[in-house]
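A.B. asks: After the structure tokens below, expect a handful of questions from me.
4 protein chains.
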Amino acid sequence: MLRNTDRLEIFSDGVIAIAITLLVLDIRVPSAKDGQLFHELGSYWPTYVAYVLSFAVIGIIWVAHHSMFEHIEAVDRGLLFTNLFLLLGVAFVPFPTSLLAEYVHVGGSNAHAAAAVYSATMTMIGLAFTAIWYHLARHPELLSGDADAANLRRSIRRSLVSPVVYGLTIGLAFVSPPACLVVYGLIAAYLAGGPSSRALVAKPLAAMRAAATGQRPPRPTRAADPDPSPDPLP
Amino acid sequence: MLRNTDRLEIFSDGVIAIAITLLVLDIRVPSAKDGQLFHELGSYWPTYVAYVLSFAVIGIIWVAHHSMFEHIEAVDRGLLFTNLFLLLGVAFVPFPTSLLAEYVHVGGSNAHAAAAVYSATMTMIGLAFTAIWYHLARHPELLSGDADAANLRRSIRRSLVSPVVYGLTIGLAFVSPPACLVVYGLIAAYLAGGPSSRALVAKPLAAMRAAATGQRPPRPTRAADPDPSPDPLP
Amino acid sequence: MLRNTDRLEIFSDGVIAIAITLLVLDIRVPSAKDGQLFHELGSYWPTYVAYVLSFAVIGIIWVAHHSMFEHIEAVDRGLLFTNLFLLLGVAFVPFPTSLLAEYVHVGGSNAHAAAAVYSATMTMIGLAFTAIWYHLARHPELLSGDADAANLRRSIRRSLVSPVVYGLTIGLAFVSPPACLVVYGLIAAYLAGGPSSRALVAKPLAAMRAAATGQRPPRPTRAADPDPSPDPLP
Amino acid sequence: MLRNTDRLEIFSDGVIAIAITLLVLDIRVPSAKDGQLFHELGSYWPTYVAYVLSFAVIGIIWVAHHSMFEHIEAVDRGLLFTNLFLLLGVAFVPFPTSLLAEYVHVGGSNAHAAAAVYSATMTMIGLAFTAIWYHLARHPELLSGDADAANLRRSIRRSLVSPVVYGLTIGLAFVSPPACLVVYGLIAAYLAGGPSSRALVAKPLAAMRAAATGQRPPRPTRAADPDPSPDPLP
Chain A
1 MLRNTDRLEI
11 FSDGVIAIAI
21 TLLVLDIRVP
31 SAKDGQLFHE
41 LGSYWPTYVA
51 YVLSFAVIGI
61 IWVAHHSMFE
71 HIEAVDRGLL
81 FTNLFLLLGV
91 AFVPFPTSLL
101 AEYVHVGGSN
111 AHAAAAVYSA
121 TMTMIGLAFT
131 AIWYHLARHP
141 ELLSGDADAA
151 NLRRSIRRSL
161 VSPVVYGLTI
171 GLAFVSPPAC
181 LVVYGLIAAY
191 LAGGPSSRAL
201 VAKPLAAMRA
211 AATGQRPPRP
221 TRAADPDPSP
231 DPLP
Chain B
235 MLRNTDRLEI
245 FSDGVIAIAI
255 TLLVLDIRVP
265 SAKDGQLFHE
275 LGSYWPTYVA
285 YVLSFAVIGI
295 IWVAHHSMFE
305 HIEAVDRGLL
315 FTNLFLLLGV
325 AFVPFPTSLL
335 AEYVHVGGSN
345 AHAAAAVYSA
355 TMTMIGLAFT
365 AIWYHLARHP
375 ELLSGDADAA
385 NLRRSIRRSL
395 VSPVVYGLTI
405 GLAFVSPPAC
415 LVVYGLIAAY
425 LAGGPSSRAL
435 VAKPLAAMRA
445 AATGQRPPRP
455 TRAADPDPSP
465 DPLP
Chain C
469 MLRNTDRLEI
479 FSDGVIAIAI
489 TLLVLDIRVP
499 SAKDGQLFHE
509 LGSYWPTYVA
519 YVLSFAVIGI
529 IWVAHHSMFE
539 HIEAVDRGLL
549 FTNLFLLLGV
559 AFVPFPTSLL
569 AEYVHVGGSN
579 AHAAAAVYSA
589 TMTMIGLAFT
599 AIWYHLARHP
609 ELLSGDADAA
619 NLRRSIRRSL
629 VSPVVYGLTI
639 GLAFVSPPAC
649 LVVYGLIAAY
659 LAGGPSSRAL
669 VAKPLAAMRA
679 AATGQRPPRP
689 TRAADPDPSP
699 DPLP
Chain D
703 MLRNTDRLEI
713 FSDGVIAIAI
723 TLLVLDIRVP
733 SAKDGQLFHE
743 LGSYWPTYVA
753 YVLSFAVIGI
763 IWVAHHSMFE
773 HIEAVDRGLL
783 FTNLFLLLGV
793 AFVPFPTSLL
803 AEYVHVGGSN
813 AHAAAAVYSA
823 TMTMIGLAFT
833 AIWYHLARHP
843 ELLSGDADAA
853 NLRRSIRRSL
863 VSPVVYGLTI
873 GLAFVSPPAC
883 LVVYGLIAAY
893 LAGGPSSRAL
903 VAKPLAAMRA
913 AATGQRPPRP
923 TRAADPDPSP
933 DPLP
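Just so you know, the sequences run in chain order A, B, C and D.
Residue numbering for the first sequence follows our numbering, starting at 1 and increasing by one per position.
Residue numbering for the second sequence follows our numbering, starting at 235 and increasing by one per position.
Residue numbering for the third sequence follows our numbering, starting at 469 and increasing by one per position.
Residue numbering for the fourth sequence follows our numbering, starting at 703 and increasing by one per position.
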């Protein structure tokens, strides 16, 4: 008897929360000779880098998912299955993370293949977001009233940035896996500052301000608040 | 103090979300000689097929479970324990998935046994759904007002399709495990397009349309909306 | 901003759902010679028995926890930490389950120790429930209005049944581990039919009936409904 | 369509519940010769100590997180990402727990390194809490009306206790890992009795009392209720 979008969000949050927490299972306790544990732990730096990268990516996916569902008021079959496709990608992330950590640690030409698999996974996840936005653009009856056609087209275009850039890193993987790690970090930083997380917070803050204006005097800190102007759609 | 069906749905969603996400733990990082990683990864194709199949099946189970609970307004002991029986089956899925992946990869006559165990698990899960529908038919006081006896009988009959077909694949397992994989995929495709996912989305959309008619002019896309006419019960 | 008991229930449900689903990780894919998979799987029967027993026990714990929180309206520090102690026990269950499965499979005198550890874990969980009831009896301001002192004393006494019986199986473990498995099953069956699951469903059904009486004519099946009269507290 | 803080709390609860439950995966079934299982299990005491310590710490983190969100009414990007940073730390806990258990069991100088890594992880988690409080102090528009500047400064100061003490145990790790275990336990006991858990329960109880005063006569137990006076902010 929970509402449709509520249960879809709770289920999606469950899968995303589990995937992000399972990442730690790839960090194995090394067997080290006496006095060698710090050295041994240090040699596994690709594992920690991969852990933080994937944690950041999944965290950003959660923010983007959350932000998207701010605009969704009903669920249809297409949304259900494009969302499941997205979750398939997110739940898969621990595997390429583990692969990347292992073969960047081992080195050699297998590191190229591992980075390519990681890039391909992220490309697929990005395309799943595009597929959901495209489906929403064709079924605007699923959205709340504040979505218009121009905003939806903009959301589709924006959702292509991430799969295109991740797609290019598939090529980069065959040149330099460490360069891939750097680019992955840059993508994460870009997306963390992107419109999804802006839109997510804009509405509630705006609502609070409207409420505050009517009900109590503005607080001093509000005037200096440097929040960016919200995009209507992420 | 959460409502009964709410907490049952949240708990069920938790188990289903965890089971679907644990599937990835069966995809192990292979140890490959330098330059052999792509080749090595490719040899594990049964693992990826099994992963996608089981992900799809559990996703469909979630949709069917959700769809069923749209009609349920109260919980009794029988519903509690038939639902736990269903969750026992869902939580078990990672094991036969792993078994199937391993022994289709290894080949030989053990692949027959592995496919048979997978088919038997899915048959059990299907029967758990039948048991729940049967219990609901005997206790219609648990359902919301829009359920009638004819619909309930139809739901019981429909819920038998999946265990009967999966049951037949137990026999097929001893003929050809790869043929089983194909049939599993066909069952998933059939169920994904089946009445459960149709019913799930029909009600909220209908409600939205009713609300829209009264409150704002219809949007252009609505006229061309090819949504199927909803079944009252999945 | 979620209500106190809501968030405590959601967190508890999360831990219980994860623990019940992690049980499957103890069921390992055996390595079998060609044609030996069924035989090999069969030799692991203690694993399946332990899986089903622990799944049933955790399922019953969820029902009892849910049932208890039907009566709780506020949370204090004592409730918070006795509940965490309960969750510590529940989250631990996969370990003794695995231990029991392994050493009943291996046989020998270690099976005695494994069964004793399993029994001790269940005894602790039972005592955690007693501790929570005892705390509630001393702080009735946490409960909703329908709880009275006599009912609370009865709940404490009832909550002692399970730890006392499980405690006795610690002794039985040193006589016969297979007998322990049988007794564990009997305890689960007793608890599944016990007052917790009765109380859980009694209130909503009663509420529905009251509502139905006022709003629509009784349905035919209702007259023959064999539901037991509800206990006010489990 | 779930409210912002609701979904942030549900996601955070999910990650915390999963991390606390995954701890059990570090407790492996030992292989013991016949009759040696109790002895073998006993030799793994650091595993059980580490399990209980980390379970307690994560439980306390959950209480502190919950308590903090009692005061939060809106989410901005800074809160989103400082909260993700906190979850990164919590989700990581199973690794240093496993490391600590393994190398205190093995002994030797590696136990120093393992305890230092554990202490450093806890220090980071403590600093994540400080970062969130600091962010809230700079953006009081995110908080509900009952938070004032003096309380926020007090909350920041208090949130520094835990990272400072854990930070000192990084040094202690190089002197005596067992002493670290003792100090970890003392910190957990201190935090369990600290202002977070007090604040958490004070508001609902106070609300209940106010409601009770207006609606029904006070119960006998209420007069003797030894609850501490609540702090407005944890």
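All C-beta atoms, glycine included, are put in the ideal place defined by N, C-alpha and C.
The structure displayed is predicted, hence computed values, not measured ones.
Kindly indicate which residue of Ile-486/C, Glu-538/C, Ala-487/C has the alpha-carbon position closest to the one of Asp-474/C.
C.D. replies: Taking only the C-alpha atoms, the option nearest Asp-474/C is Glu-538/C.
A.B. asks: Using only CA atoms, which one of Phe-479/C, Val-492/C, Leu-491/C lies nearest to Ile-720/D?
C.D. replies: When only C-alpha atoms are compared, the closest one is Phe-479/C.
A.B. asks: What does Ser-109/A touch in chain B if you count any residue whose Cβ is under 7 angstroms from its own?
C.D. replies: Near Ser-109/A (Cβ distances below 7 angstroms), the residues of chain B are Asp-268, Gly-269.
A.B. asks: Could you please give the first and the last residue of the uninterrupted alpha helix (DSSP H) stretch that includes Phe-289/B?
C.D. replies: That run of the alpha helix (DSSP H) goes 279 to 303.
A.B. asks: In this structure, does DSSP put Leu-160/A in helix, strand or coil?
C.D. replies: Note: Leu-160/A maps to coil in three-state DSSP.
A.B. asks: Since Ser-566/C meets chain D, which of its residues come closer than 8 angstroms, beta carbon to beta carbon?
C.D. replies: Result: Val-731.
A.B. asks: Can you confirm whether Arg-709/D, when its beta carbon is compared against all beta carbons of chain A, has any partner nearer than 9 angstroms?
C.D. replies: Yes, because at least one Cβ of chain A sits closer than 9 angstroms to the Cβ of Arg-709/D.
A.B. asks: Would you say Ala-596/C and Thr-723/D are within 9 angstroms of each other, going by their C-beta atoms?
C.D. replies: The answer is no: Cβ separation not under 9 angstroms.
A.B. asks: According to DSSP, is Ile-540/C helix, strand or coil?
C.D. replies: Correct three-state label for Ile-540/C: strand.
A.B. asks: If you draw a straight line from the C-alpha of Ala-446/B to the C-alpha of Val-75/A, how long is it?
C.D. replies: Unreliable positioning characterises Ala-446/B in this predicted model, as indicated by a pLDDT of 48, which lies under 50. A coordinate reading is not provided.
A.B. asks: Looking only at DSSP bridge pairs, what is Leu-143/A linked to?
C.D. replies: Answer is Ile-72/A.
A.B. asks: Below 8 angstroms on C-beta distance, what does Trp-764/D contact in chain C?
C.D. replies: Simply Phe-479.
A.B. asks: Can you pull the chain B neighbours of Phe-129/A, defined as C-beta to C-beta under 8 angstroms?
C.D. replies: Within 8 angstroms Cβ-Cβ: nothing; Phe-129/A doesn't reach chain B, min ~18 angstroms.
A.B. asks: So which residues of chain A does Thr-316/B contact, with C-beta pairs closer than 7 angstroms?
C.D. replies: Chain A residues near Thr-316/B: none, gap ~18 angstroms exceeds 7 angstroms.
A.B. asks: Please state whether DSSP places Gly-661/C in a helix, a strand or coil.
C.D. replies: Note: Gly-661/C maps to coil in three-state DSSP.
A.B. asks: Count the other CB atoms, across all protein chains shown, that sit within 10 Å of the CB of Phe-81/A; report buried if there are 16 or more and exposed otherwise.
C.D. replies: So Phe-81/A counts as buried.
A.B. asks: Whole angstroms are fine: how far does the CA of Ala-518/C sit from the CA of Leu-649/C?
C.D. replies: Those two C-alpha atoms are separated by around 8 angstroms.
A.B. asks: What does Phe-272/B touch in chain A if you count any residue whose Cβ is under 7 angstroms from its own?
C.D. replies: Residues of chain A passing the Cβ test: Ala-113.
A.B. asks: I'd like to know whether the C-beta of Glu-570/C is nearer than 9 angstroms to at least one C-beta of chain D.
C.D. replies: Closer than 9 angstroms: yes.
A.B. asks: Which residues in chain B have a C-beta closer than 7 angstroms to the C-beta of Gly-527/C? List them in chain order.
C.D. replies: Those are Leu-318, listed as they occur along chain B.
A.B. asks: How far does the alpha helix (DSSP H) with Ser-98/A in it reach, from first residue to last?
C.D. replies: Ser-98/A -> alpha helix (DSSP H) spans 94 to 106.
A.B. asks: Return helix, strand or coil for Ile-27/A, following the three-state DSSP convention.
C.D. replies: Ile-27/A falls in the coil class under three-state DSSP.
A.B. asks: Would Pro-631/C pass as an interface residue toward chain D - the criterion being a Cβ-Cβ separation below 9 angstroms?
C.D. replies: No - not a single Cβ of chain D is within 9 angstroms of the one on Pro-631/C.
A.B. asks: Can you find at least 3 beta carbon pairs, one from the stretch 405 to 422 of chain B and one from the stretch 339 to 356 of chain B, that sit closer than 8 angstroms?
C.D. replies: A contact exists between the stretch 405 to 422 of chain B and the stretch 339 to 356 of chain B.
A.B. asks: Output the boundary residues of the alpha helix (DSSP H) element that contains Phe-831/D.
C.D. replies: Phe-831/D -> alpha helix (DSSP H) spans 812 to 840.
A.B. asks: Give the C-beta separation of Thr-823/D and Pro-798/D to the nearest angstrom, bearing in mind that I take them to be a contact with Cβ-Cβ under 8 angstroms.
C.D. replies: Yes, they are in contact, since the Cβ atoms of Thr-823/D and Pro-798/D sit about 5 angstroms apart, within 8 angstroms.
A.B. asks: Hey, out of Leu-287/B, Gly-360/B, Ser-343/B, whose CA is closest to Phe-408/B's CA?
C.D. replies: When only C-alpha atoms are compared, the closest one is Ser-343/B.
A.B. asks: Relative to the C-alpha of Ile-292/B, which residue among Glu-243/B, His-373/B, Ser-389/B, Asp-247/B is closest?
C.D. replies: Ranking Glu-243/B, His-373/B, Ser-389/B, Asp-247/B by Cα distance to Ile-292/B puts Asp-247/B first.
A.B. asks: Tell me the rounded alpha-carbon separation between Ser-288/B and Glu-570/C.
C.D. replies: Their backbone Cα atoms lie some 27 angstroms apart in a straight line.
A.B. asks: Against Ile-421/B, what residues of chain C qualify as contacts under a CB-to-CB distance less than 8 angstroms, listed in chain order?
C.D. replies: Those do not exist, as Ile-421/B stays about 22 angstroms from chain C at its closest Cβ, beyond 8 angstroms.
A.B. asks: To the nearest angstrom, how far is it from the Cα of Val-483/C to the Cα of Ile-529/C?
C.D. replies: Distance between the alpha carbons of Val-483/C and Ile-529/C is about 12 angstroms.
A.B. asks: Please state whether the Cβ-Cβ distance between Gly-419/B and Ala-290/B is less than 9 angstroms.
C.D. replies: In this structure, Ala-290/B lies closer than 9 angstroms to Gly-419/B by Cβ.
A.B. asks: Give the single residue among Ile-858/D, Val-754/D, Met-770/D whose Cα lies nearest to the Cα of Leu-554/C.
C.D. replies: Nearest of Ile-858/D, Val-754/D, Met-770/D to Leu-554/C, Cα basis: Val-754/D.
A.B. asks: Taking the alpha carbon of Trp-513/C as the reference point, which residue from Val-574/C, Tyr-634/C, Leu-636/C has its own alpha carbon closest?
C.D. replies: Ranking the options by Cα distance to Trp-513/C, first place goes to Val-574/C.
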